[in-house]
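Notes to accompany the following structure.
Protein chains: 2
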Amino acid sequence: MAMWNASKGFQNSTGQDVNPDLDSERKTASFSVERLTNILDGGAKNTQIRRKVDAVLQSDPEFSRENKYFQSQNERYEGAVRRSLYLSKKIEELGWVTDGLEQKYCYRALGDDLAFSVHQVFMKSILGLGTDEQIAKWIPLAEKHYIAGTYAQTELGHGTYLRGLETMATFDTTTQEFILNTPKISAMKWWPGDLGRTATHAVVFAQLYLKGKCYGIHPFIVQIRSLHNHSPAPGVTVGDIGPKMDFAQTDNGFLLLKNVCVPKENMLARFSQVLPDGQYIKRGTDKINYLTMVVIRVAIIRSEVLTTLMKACTIAVRYAVVRRQSELKPGDPESKILDYQTQQQKLLPQLATAYAFHFGCDYLQEIFDQGYAETKQGKFDLLPELHALASGFKVIATEFSSAGVEICRKACGGHGYSLLSGLPSLYTKLVASCTYEGENTVLLLQTARFLIKCFGMAKVGQPLPSSVAYLSSTRFGKCGAQEKRDFLNPDIYTETYKQRAFRMVEDAAVKLQTLIQSGTAQHEAWNVCSVQLARAAAAHSHYIIVQTFVKALERFEKELQIQRILKHLCDLFALHGIFSNMGDFLQAGHLSGKQSNMVTESYLDLLAIIRPDAVPLVDAFDFSDGNLNSAIGSYDGHAYERLFEWAKKSPTNKQDNQTFEKYLKPLFQNALSKL
Amino acid sequence: MAMWNASKGFQNSTGQDVNPDLDSERKTASFSVERLTNILDGGAKNTQIRRKVDAVLQSDPEFSRENKYFQSQNERYEGAVRRSLYLSKKIEELGWVTDGLEQKYCYRALGDDLAFSVHQVFMKSILGLGTDEQIAKWIPLAEKHYIAGTYAQTELGHGTYLRGLETMATFDTTTQEFILNTPKISAMKWWPGDLGRTATHAVVFAQLYLKGKCYGIHPFIVQIRSLHNHSPAPGVTVGDIGPKMDFAQTDNGFLLLKNVCVPKENMLARFSQVLPDGQYIKRGTDKINYLTMVVIRVAIIRSEVLTTLMKACTIAVRYAVVRRQSELKPGDPESKILDYQTQQQKLLPQLATAYAFHFGCDYLQEIFDQGYAETKQGKFDLLPELHALASGFKVIATEFSSAGVEICRKACGGHGYSLLSGLPSLYTKLVASCTYEGENTVLLLQTARFLIKCFGMAKVGQPLPSSVAYLSSTRFGKCGAQEKRDFLNPDIYTETYKQRAFRMVEDAAVKLQTLIQSGTAQHEAWNVCSVQLARAAAAHSHYIIVQTFVKALERFEKELQIQRILKHLCDLFALHGIFSNMGDFLQAGHLSGKQSNMVTESYLDLLAIIRPDAVPLVDAFDFSDGNLNSAIGSYDGHAYERLFEWAKKSPTNKQDNQTFEKYLKPLFQNALSKL
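Line by line, the protein sequences are chains L and R.
All residue numbers for the first sequence refer to my numbering, where the first residue is 1 and numbers rise by one.
All residue numbers for the second sequence refer to my numbering, where the first residue is 1 and numbers rise by one.
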């Protein structure tokens, strides 16, 4: 478009041509953006490595995401496979080691444009569940992509409840083989990524039958496609499950087994073994393995969930200072929409949430590392607590983040509805995390079970694990806040969250107990308390995150500007949480109605206080424009110019307009004589 | 798949093969499903017409939606144009009259598979804003699709705030033409449907300049493409804005005008006229026209928003009785997921919401018809109230419904993430309604402005319009509920909602007043109160809907079974609203903490009471399988069989696997010698 040059002839200090409405926001930062970036990266050296990786990837046209929003499911899939294999080679060439930071940053930058994510799980499951011989046989092949694997657990009719899986593996002592079958349609494997069009092998989870007796779920390596020509192996029906809300690049698949024979040595046998005569031998415990999975869950929160929320905040905040709408003051030019309180109220709490979960991840990583060390030494005491923490954390991280991304998207109005903004795909991808890796309601109820157990232990004077020690408290008093600024005292609000969690756990426990004592069957009582139990578990997890953010502030005592802004965000996260769940806090009378008004006022005041730092706070996430892939969220703030440039590239503007020729032209001709 | 026959050899009373888990749900209905369907349709005769229309459409392969979820943006667009033109012909052949019920039901059945929706708005704007001559010239052409129109109002940089539009129309007295220009990139028309690839003409809104003076926004008919070959008219740049979160069938477009000349008679001149010498003449008032738009808004709520929520409820409730997961009672078979309280809590309130808004639409329609009659007679007194009602209603209808659809989708777990479930597109389509037809936050603040004005009038003893008469109350007492069943008394909970709305309006008004009295500028005071003002407006609208549902129950005094189930839904809608916004209700002390526990218990009890009627309640919406287009929500409940059948049809299972040949085969060959 020659009519306007995207460049406005305005250059910022680094020589970039930046929209003045965005540039001015960067001049008033109250803290060092670079320092905050380093903190988020875990040190200046990491920032350096990350930027190096980003630069390498962005200078390589193979990793361009330019056409992503225009591609079909098929193109996305093919691109992801090609790119992943190319990346593997590149990583090898550059000498970036497995599990090193460079690789981690590659995935941060390219995440949803890569394939083989479940191939990784295939390998991890062999490493965790296989014997040394099995590892030696399969891992080198998988590492080089000489085979492609998948992890086939979920079935069409069975998700979270693993015991309900129906796929059968029957051992035949005469042939020394397992015979795998899908006995019913509901038993078909369904959803595994990389299964639909790629995998040659699968770790299949099936009920093990020995001499007619069921020994429960076991893992088997099953070849499902020919390495020669990729045709399904005998007895195998396999394919792609079709279009989804997102993840077009992933070939989620179905798998149906009819008398598929697998040699005896293909059962992953680290923890259990079948002898030639069909005898079953159990050995060791797979608890350490279980913990590995929990640790992975936390890592996913950081790399997938949190990163996505941070991207959405970056796009929405930058857009909100270049978008102008209506007059705030009559007669003035139209205002930046971020100057409206209603817009601040949408975006700034999401920003605070992103920071809160960042420090939450740090904390969880720490105690998981500790738990892992203990578990390795055979001490399993910490496991239930770690499981409860990880489950609750996963739930609130995914719920808050996906809701937050959608709030950011909607706050960009119509342009947030265009795929070119980058926002719709952030939501449609992220919201899947509320379902995968443990459905959120199921996970909350698992955390609740732990809390109820601990509450019972406390009643009889038993000691409690540290994260739930507060359940031993006898009673809490009233909140001592006298005026609104008292709610900027972390002791005050942390106590308030603690009180809320305690009260909700106690209420659920008492109701449960009362029902059981009055003769209701235990399972029935649990069911009719489950809404309250789930809410109690969420309140507990919310409290832990607030507490963790407050503790994290101590680390910055010598960096006053950084500490100041993080303290504001911590306050905002905490007060927004009270404001949004006020009923929970008022119900038991810990807060009074008057105090709830103070919370509201203090919360709203914070919006105006943080507003001037909003752009520096998202700049600190340090996403490159390539990372964001957003027409409206780029660093230079030229939202409208970019939307127009990108829209013109849409295939809908290039395709022959068959529709006109076929359907419209014959009609329009009738108007020619009349106009 | 020959392995299992989709038929289980089980037939219901009508001879259909139905999943027994779904069939059994239908045998225990506490009311006549057919009667409730008739009520929802507005009479048995309407039901009959609707079913006739559905049958006609479904017997015609042109209207098959079978491949919808597999199609590209281009295919969706082409299909929609073809189908719309075909439908027009069919409607003519069948003699279905304009604005008749048959046509309405066509759109209900085919809604998002049709094109030309903004072409309709193009016609309505000419009918509303044009002179008789203009109507006589353009409408016949548009009706026959001899021209295709669009309504070009929104600009790249301007949405809700119409006064900010930048497109210019300058009158040239020498040529007697208007010269239209897009002065800046932000002034480019952006978003209009049917503009991207279809329209030949547009009603363009532009600032009218006469002799250098701006007279504000006026509408002009502009030809934008050749009727011969569809190429852009001189000075016009036009195209498609590219992919969106949904609405692939619609060619939303951009339009850029450079010295585009339009004859003088193309300014729509019903309410203002330009004389040959450039004199400006205003005549009459366009208020009646404005009301027409408000009425359309209400109609859209019913046909688009509510229908979508009802579809999502139907799919999710049916799926929840055929999906079994985990043991509710140890040792029992896996339970239907709808038997879990946590699942009931997700789905049943959405069902209640659908019924609440159904009766809400009835009520609004009624008072709008009345307002329309008065306005036609030149009485405009009702307008501000009607606008406030419609705005608030639009906001809560779209917010509750889009949130509700997404809750339904997530409640279907992984399968809800598959496009084949039908749920993702219900959400991605519906959520757009929070932004279009007035952005929700902006609308809430308009309603708030009316409420604040009325609150002020009440203070000085002036009479108030009926829907806000409660703002004249001096003070409310405490809630009188003594036990949980008291909260099943509509008088009690309606009063509670009223009290909440009053208190929130009062709080915002007092804060606003205090700020202004202490010297804060009015616009600044408004801004720092805006979060609370928006919430107060939502609380007001919520109260109106509860009140309306309660009133609607009176109509069924002679049909006890129907009244009983509707009363349960009304109670559930009301109590779920209190439960979910408990802070608002507790804050001012109208409810006590103890009473809030009663609400919770009463709310949870209702879930179990309504549970047995859940399937009959969604059956009453009476969507055909073709309407729903869901693999997991069909009437026969064969969710897994249909998912599998549909998945096999995915193009990803038919395309040549180039990816294997090109990228994988060379790698896999290396494993051949090793396995």
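Cβ atoms here follow ideal geometry from the backbone N, Cα and C, with glycine treated the same way.
Note that the structure is a prediction, hence the values are computed from the model and not measured.
For a quick check, are the C-beta atoms of Q134/L and L36/L less than 9 angstroms apart? Position 134 of the first sequence holds residue 134/L. Position 36 of the first sequence holds residue 36/L. Cβ distance not < 9 angstroms, so Q134/L and L36/L don't count as in contact.
How about N653/R and G196/L: do their beta carbons lie closer than 9 angstroms? One-based indexing of the second sequence puts residue 653/R at position 653. One-based indexing of the first sequence puts residue 196/L at position 196. Taking 9 angstroms as the Cβ cut-off, N653/R and G196/L qualify as a contacting pair.
Residue-chain proximity (G589/L, chain R), Cβ-Cβ < 9 angstroms: Indexing the first sequence from 1 puts residue 589/L at position 589. Yes, G589/L lies at the interface with chain R (some Cβ there is under 9 angstroms from its Cβ).
Compute the Euclidean distance between the alpha carbons of D625/R and K189/L, then round it to the nearest angstrom. Against the second sequence, residue 625/R aligns to sequence position 625. Against the first sequence, residue 189/L aligns to sequence position 189. K189/L has its alpha-carbon roughly 26 angstroms from the corresponding atom of D625/R.
Buried or exposed by the 16-neighbour rule on C-beta atoms within 10 Å, applied to I281/R: Sequence index remark: in the second sequence, residue 281/R carries index 281 (1-based). Exposed: under 16 other Cβ atoms inside 10 Å.
Secondary structure of R324/L, DSSP reduced to three states: For this step, residue 324/L is matched to residue 324 along the first sequence. Of the three classes helix, strand and coil, the one that applies to R324/L here is strand, per DSSP.
How far does the alpha helix (DSSP H) with Y69/R in it extend, from its first residue to its last? Position 69 of the second sequence holds residue 69/R. Premise fails: Y69/R is in no alpha helix (DSSP H) and is neither H nor E.
Note down, in chain order, every chain R residue with its Cβ under 8 angstroms from the Cβ of F502/L. Taking the first sequence and counting its residues from 1, the one referred to as residue 502/L is at position 502. Going along chain R, no residue has its Cβ under 8 angstroms from F502/L, so there is no contact; the nearest lies around 15 angstroms.
List, in chain order, every chain R residue whose beta-carbon is nearer than 7 angstroms to that of L420/L. As a first step, residue 420/L must be located in the first sequence, where it is residue number 420. Below the 7 angstroms Cβ cutoff, chain R contributes G242 as neighbours of L420/L, in chain order.
Strictly below 8 angstroms CB to CB, what residues from chain L border A534/R? Here the question's residue 534/R lines up with position 534 in the second sequence. Correct list: T342.
Using a Cβ cut-off of 7 angstroms, which residues of the stretch 393-413 of chain L contact any Cβ in chain R, in chain order? K410 and G413
So which residues on chain L does I632/R lean against when the C-beta distance must stay under 8 angstroms? The residue given as residue 632/R occupies position 632 in the second sequence. Near I632/R there are no residues of chain L at all, since even the closest Cβ is about 11 angstroms away, more than 8 angstroms.
Mind listing the chain R neighbours of L672/L? Cutoff is C-beta to C-beta under 8 angstroms, in chain order. One-based indexing of the first sequence puts residue 672/L at position 672. Within chain R, the residues whose beta carbon sits less than 8 angstroms from that of L672/L are L227 and H228, listed in sequence order.
Counting Cβ pairs closer than 8 angstroms, one from the stretch 166-178 of chain L and one from the stretch 254-267 of chain L, do we hit at least three? yes
If distances are taken between C-alpha atoms only, which option among G111/L, G159/L, V118/L and T167/L comes closest to E143/L? As a first step, residue 143/L is located in the first sequence; it is residue number 143 there, counting from the start. Among G111/L, G159/L, V118/L and T167/L, the Cα nearest to that of E143/L belongs to V118/L.
For the stretch 312-341 of chain R, enumerate the residues whose C-beta is nearer than 7 angstroms to any C-beta of chain L, in chain order. Q325, S326, L328, K329, P330, E334, Y340 and Q341
According to DSSP, simplified to helix, strand and coil, what is M267/L? Position 267 of the first sequence holds residue 267/L. Collapsing the DSSP output to three states places M267/L in a strand.
For K287/L and F380/L, what's the separation of their Cα atoms in angstroms? By one-based count along the first sequence, residue 287/L stands at place 287. By one-based count along the first sequence, residue 380/L stands at place 380. Whole-angstrom Cα-Cα distance: 8 angstroms.
Simplified DSSP assignment, three categories, for H568/R: As a working note, residue 568/R is residue 568 in the second sequence. It is helical.
Would Q522/L be called buried (16 or more neighbouring beta carbons within 10 Å of its own) or exposed? Locating residue 522/L in the first sequence gives position 522, where the first residue counts as 1. Its Cβ having fewer than 16 others within 10 Å, Q522/L is exposed.
Return the chain-ordered ranges of every alpha helix (DSSP H) run that is complete within the stretch 348-421 of chain L and spans a minimum of 4 residues. 383-410
Enumerate in chain order the residues of its own chain whose CB-to-CB distance from A501/R is below 8 angstroms, with the five nearest sequence positions on each side excluded. In the second sequence, counting from the first residue as 1, residue 501/R sits at position 501. Answer for A501/R: Y470, A536, A539, H540, H542 and Y543, listed in chain order.
With A539/L as the anchor, note down where its alpha helix (DSSP H) starts and where it stops. By one-based count along the first sequence, residue 539/L stands at place 539. From DSSP, the alpha helix (DSSP H) with A539/L extends over Q522 to L553.
For a contact meaning CB atoms closer than 7 angstroms, what does H523/R contact in chain C? In summary, chain C is missing from the structure at hand, where the protein chains are L and R.
Nearest to N597/L by alpha carbon, out of G100/L, G461/L, L575/L and Q16/L? Residue numbering aside, residue 597/L sits at position 597 when the first sequence is read from its first letter. The option with the nearest alpha carbon to N597/L is L575/L.
Just the Cα atoms here: how many angstroms apart are G480/R and I492/R? Position 480 of the second sequence, counted from the first residue, corresponds to residue 480/R. Position 492 of the second sequence, counted from the first residue, corresponds to residue 492/R. Rounded to whole angstroms, G480/R to I492/R spans 8 angstroms at the Cα level.
Coarse secondary structure for W190/R, derived from DSSP in three states: Within the second sequence, the letter at position 190 stands for residue 190/R. Strand at W190/R.
Which residues of chain R have a Cβ atom closer than 8 angstroms to the Cβ of G159/L, listed in chain order? By one-based count along the first sequence, residue 159/L stands at place 159. Those within 8 angstroms of G159/L in chain R are Q325, G413 and G414.
Cβ of T514/R within 9 angstroms of any chain L Cβ: One-based indexing of the second sequence puts residue 514/R at position 514. So, not an interface residue.
Within 9 angstroms (strictly less), CB to CB, does C214/R reach chain L? For the purposes of this step, residue 214/R is taken as the residue at position 214 of the second sequence. So, not an interface residue.
On the three-state DSSP scale, how would you describe H119/L? Locating residue 119/L in the first sequence gives position 119, counting from the first residue. H119/L falls in the helix class under three-state DSSP.
Burial state of H145/R (16 or more Cβ within 10 Å): The residue labelled residue 145/R in the question sits at position 145 within the second sequence. Per the 10 Å Cβ criterion, buried.
Other residues of its chain near L591/R: CB distance less than 6 angstroms, five sequence neighbours each side excluded: On the second sequence, position 591 is the one that residue 591/R refers to. Excluding residues within five positions, the ones whose Cβ falls inside 6 angstroms are C479 and F585.
When the cut-off is 9 angstroms and only beta carbons count, does T200/L lie next to chain R? Looking up residue 200/L in the first sequence gives position 200. Yes, T200/L counts as interfacial toward chain R.
Taking only beta-carbon positions, decide if L141/R is within less than 9 angstroms of chain L. In the second sequence, residue 141/R corresponds to position 141, counting from 1. Closer than 9 angstroms to some Cβ of chain L, the Cβ of L141/R qualifies, so yes.
Say the cut is 8 angstroms; is the CB of V262/L nearer than that to a heavy atom of the ligand FMN? Among the components modelled here there is no ligand, and therefore nothing to report on the ligand FMN.
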